[in-house]
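As C-alpha cells, the structure follows; a few thoughts come after it.
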Amino acid sequence: MYSTESAEYSETVTDRDASTDTATEPAGVQTPEAQAKVLVRDLKLWYGETQALYDINMDVVERQVTALIGPSGCGKSSFLRCLNRMNDLIPDVAIRGRVELDGQDIYAPHVDIVQLRSHVGMVFQKPNPFPKSIYENIAYAPRLHGIAESRSQMDELVEDSLRRAGLWNEVADRLDTPGTALSGGQQQRLCIARAIAVNPEVILMDEPASALDPMATATIEELIDELRHNYTIVIVTHNLQQAARVAGYTAFFHMGRLIEYNDTDTLFTTPREQKTEDYITGRYG
Amino acid sequence: MDKKSFTQHISQQYNEELEDILNQVMTMGGLVEQQLSDALVALIEGDNERGEHVVTNDYRVNAIEVELDEACTHILARRQPAASDLRLIMAVIKTITDLERIGDEAERIGRMALHLLDSDRRRSPMAAVESLGQHVRGMLRGALDSFARMDTAQAVRVAQEDIQADSQYEVIMRELMQYMQDYPKSVPRVMDVVWSVRALERIGDRARNICEYVVYFVRGKDVRHTSFEQMAQEATGDRH
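Protein sequences, first through last, are from chains A and B. Under my numbering, the first sequence has 199 at position 199, and the numbering climbs by one with no breaks. Under my numbering, the second sequence has 365 at position 80, and the numbering climbs by one with no breaks.
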C-alpha cells in the first residue's frame with residue numbers, strides 16, 4: 001500500500017502479534033470485539049520533555065465512528081494526529097509505540113507520508129478550504145495523486161465527492177467560485193469532500209463542528225452518519241452530546257491516558273471508571 | 286454510591302435541582318405511605334372519616350407526580366444527564382409512576398372501606414387482611430428507605446418480601462372464595478374485601494418495582510423480570 005518494502009511489512013506483523021498481549025492493556029480499557037482498522041499499541045508521545053500520551057492501546061473499529069472525548073489537554077488531539085503522522089510536523093515531538101493501518105506500521109521507515117495521508121484523511125476544527133475555486137479544492141489532491149486521468153474523469157470525481165459530502169446541490173452551479181465564499185458549514189463540508197476525493201479509508205476529524213451553528217452542526221452529523229458506511233471515522237469532540245449522537249464507540253482520555261473505551265451506549269449510561277463518570281456528568285474530578 | 290455524589294457537579298444549580306427532585310420523591314413517598322396507613326385503618330376498623338380523608342387526599346399525590354414529571358423533563362431537556370445522573374432521572378420517573386399507582390390503590394381501599402358494614406368485617410378474615418396490609422406497608426417503607434439510602438442490599442431484601450405478600454394473598458383469597466360459596470348472598474359485599482385485598486397485593490408488587498429501580502440506578506443493571514437470585518447477584522456483585 002504505502003510501504004515500499006515488503007520485508008518491513010512482514011516484520012511488522014510479527015511484532016504486532018507479540019504486542020497484542022492483553023496483559024499490556026491498562027486497567028479499565030476494553031477494546032471492542034470487532035474488526036480493527038487501526039490498531040494502536042503502547043503509544044507514547046512527548047513534546048520535548050513533556051509526556052503527553054502514556055501507553056495508549058486501542059483498536060479503532062472499521063466502518064464505525066469512534067469519538068475521542070476528554071478535558072482540554074488530555075491528549076485526544078495529539079492521539080488523533082498520531083493516526084496520520086500529523087505530529088511529524090511539530091518540532092521536538094517523540095513518538096514510541098505502534099500504530100498500524102490494516103496491519104501495516106505507519107511509522108515504519110519507508111512509509112510515504114503523502115500516500116499515508118491519502119489513506120487517512122483529516123478534517124480540522126476551522127474549515128480551511130484552499131484559496132481556490134470549489135472545483136479546484138476537490139481536484140487538487142486527486143491530481144497530485146494521479147487519481148483522475150482525463151478532465152471528464154475529474155469532473156465526475158468532483159461531483160461524486162461533493163455529492164458524498166452533501167454539498168453538490170448547493171454548489172453545482174457555481175463550481176468556479178472561491179471555496180472561501182461559502183458559509184462556515186458549507187466550507188466544512190467542502191473540506192470533507194476534499195478529504196474523501198482521494199478515496200481514503202479512514203477520516204480523522206478534529207472538532208469538525210465546533211465552529212458551526214446548530215443547523216450546520218446537524219448537517220455535519222448527518223453526513224458523518226452516512227460516511228460511516230464507507231469509511232472508518234475518528235472524531236475528537238468537546239461536545240459530549242455530539243459524541244453520544246454520532247459515535248458507535250467512545251474513548252475517554254484523561255491526562256494523557258486512555259481511561260475507558262467502550263461502545264457509546266455503555267459509556268454514557270454505565271461507565272466503568274469513576275473518572276469517566278465524573279467527566280460526563282460534569283462533576284469535580 | 287451515596288447521596289453526597291449529587292452535590293459534586295460543577296454546576297451548583299444542577300446539584301440543587303437533583304437534590305430537590307430527590308426530596309420531592311421522598312415527600313411523595315411519605316404521603317403515599319400515610320394514605321395507605323389511613324386506608325388500612327379505615328378498612329380494618331371501619332373508620333369512615335379516615336376513609337373519606339384518603340379518598341379526598343389522593344389529588345395531592347397526583348399533584349406531586351405531575352410536578353416531579355415536569356422537573357425530570359426539565360433536567361432531561363436542559364442538562365442532558367449522563368451515567369448515574371441519567372439513571373437517577375429514569376429511576377425517579379419510574380418510581381413516581383409506581384408511587385402514584387400505590388396512591389390509587391390506597392384510595393380504592395379507602396373507598397371500599399366506606400361501603401363495608403361492621404357485620405361484613407366480622408365475617409371476613411380481617412386479621413389476615415390487616416397482616417397483609419401491614420406487610421405491604423412495611424415493604425413500601427423499606428423500598429422508599431432503600432431509595433433514600435441508595436442501598437441495594439436492602440432493596441433486594443424488601444423485594445424478596447413480595448413472596449410472603451403473595452402467599453398471604455393466596456390464603457386470604459381462598460378463604461374469601463369459600464365464604465362466598467357458603468353464603469352466596471354475601472357476594473356483593475365480600476367482593477369489596479376481595480378488591481381491597483387485591484389492591485394490597487398490587488401494592489407489594491409496586492414496592493418491589495421500586496426496589497428494582499434502586500438496583501438499576503445504583504448498579505446500572507436492569508433487574509426487572511429476573512429471579513430474586515439474579516437480582517441479588519446484580520445488586521451485590523461487580524457493576525460490570
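Even glycine gets a Cβ: it sits at the ideal position worked out from N, Cα and C.
Residue state for A/His110 is assigned as coil, using DSSP reduced to three classes.
Taking CB atoms only, B/Gly395 has no neighbour in chain A less than 9 Å away. B/Asn342 has its alpha-carbon roughly 50 Å from the corresponding atom of A/Asp213.
Setting aside the 5 residues that flank it on each side, A/Trp168 is surrounded in the same chain by Glu159, Leu162, each with a C-beta closer than 8 Å to its C-beta; the list follows chain order. Here DSSP, grouped into helix, strand and coil, assigns A/Pro178 to strand. When secondary structure is reduced to three states using DSSP, B/Lys379 falls in the helix class. Look at B/Asn300 here: in three-state DSSP terms it is helix. A/Gln274 counts as exposed, since fewer than 16 other C-beta atoms from the protein chains shown sit within 10 angstroms of its C-beta.
Taking a beta-carbon distance threshold of 9 Å, A/Thr217 does not count as an interface residue toward chain B. Ile295, Ser296, Tyr299: these are the residues of the segment 295-309 of chain B whose beta carbon lies less than 9 Å from some beta carbon of chain A, given in chain order. Shown here for B/Leu321: same chain residues with a beta carbon closer than 6 Å to its own, the five before and five after excluded, namely Ala391, Arg422 in chain order. Beta-bridge partners assigned by DSSP to A/Ser152: none are found. Counting only Cβ-Cβ distances below 7 Å, A/Pro271 has contacts in chain B at Ala368, in chain order. CA-to-CA, the gap between B/Arg509 and B/Ala438 works out to about 16 Å. At a beta-carbon threshold of 7 Å, none of the residues of chain A lie near B/Gly522; the nearest stands roughly 14 Å away.
Asp370, Leu371, Arg372: these are the residues of the segment 370-381 of chain B whose beta carbon lies less than 8 Å from some beta carbon of chain A, given in chain order. The beta carbon of A/Gly179 sits closer than 6 Å to those of Pro129, Ile134, Asn137, Leu190, all from its chain and outside the five residues before and after it, given in chain order. For A/Ala244, the nearest beta carbon of chain B is closer than 9 Å to its own beta carbon. Under the three-state reduction of DSSP output, A/Leu157 falls in the helix class.
As DSSP reads the structure, A/Tyr47 sits in a beta bridge with A/Thr50, A/Val93.
Distance check between A/Glu207 and each of A/Arg41, A/Val40, A/Leu80 places A/Leu80 closest, using alpha-carbon atoms only. The straight-line gap separating the alpha-carbon atoms of B/Glu355 and B/Ala376 is approximately 15 Å. Beta-bridge partners of A/Ser72 (DSSP): none assigned. For the options A/His119, A/Asn199, A/Arg98, the alpha carbon positioned closest to that of A/Ala139 is the one of A/Asn199.
A direct Cα-to-Cα measurement between A/Asp88 and A/Phe253 gives close to 21 Å. Where A/Phe124 is concerned, there is no enclosing beta strand (DSSP E), because DSSP gives it neither an H nor an E. Under the Cβ criterion of 9 Å, B/Gln515 is not counted among the residues facing chain A. Here DSSP, grouped into helix, strand and coil, assigns A/Asn199 to coil. Boundaries around B/Glu355 are those of the alpha helix (DSSP H), 333-364, since no beta strand (DSSP E) includes it. Residues of chain B whose Cβ lies closer than 7 Å to the Cβ of A/Gln241 are, in chain order, Gln365. Each residue's CA atom was taken as its position, placing B/Tyr344 and B/Ser481 some 20 Å apart. Between the segment 364-371 of chain B and the segment 392-409 of chain B there are fewer than three inter-stretch CB-CB distances shorter than 8 Å, so the stretches are not counted as touching.
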